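Notes follow once the structure below has been shown.
Numbering (the working numbering), first residue to last: 709 to 859.
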């Protein structure tokens, strides 16, 4: 039974263009194009030079009725509902990609205080990624020289 769920997750993740790890589970890696993302309010080894403001990325997705029926049947016997798991991976990745895009549009090179919020309305799943866009510079602790530009 577990091998079947793993195959389903791998197939669904490939269709959603999600990276797959060695165990056939979708990966949460999102290409950030060099933008540092952190849930912390600061970045060790970096100095915040300028705060660009609050940013967010939102996506609203829905499953098809066939997936809903399959999820309902799966929930009656227990275990992970891989269709819903893949929906959440895809939604979070898309919201994070949009958040990074907002940061880059403002000229930022980092996002601090990154958070996710999720909600559902009927068959729709909404995910919002939000944080603070900033410009940071790397601190060279050996010589107290601050490097400007790309990280």
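Virtual Cβ for every residue (Gly too), placed ideally from N, Cα, C. Keep in mind that this is a model prediction, so the values were computed, not measured.
- Buried or exposed by the 16-neighbour rule on C-beta atoms within 10 Å, applied to residue 759: exposed
- Just to confirm, are residue 837 and residue 814 a CB contact at a threshold of 9 Å? no
- Decide if residue 747 is buried, meaning its Cβ has at least 16 other Cβ atoms within 10 Å, or exposed. exposed
- Query: Expressed to the nearest angstrom, what Euclidean distance is found between the alpha-carbon atoms of residue 827 and residue 842?
  - Reply: 27 Å
- Message: Only counting the same chain, and skipping five residues up and downstream in sequence, which positions put a Cβ closer than 6 Å to that of residue 920?
- Response: Outside the shown range of the chain (709 to 859) lies residue 920, about which nothing can therefore be said.
- Roughly how far, in whole angstroms, is the beta-carbon of residue 839 from the beta-carbon of residue 819, given that I think they are within contact range, below 8 Å? 4 Å
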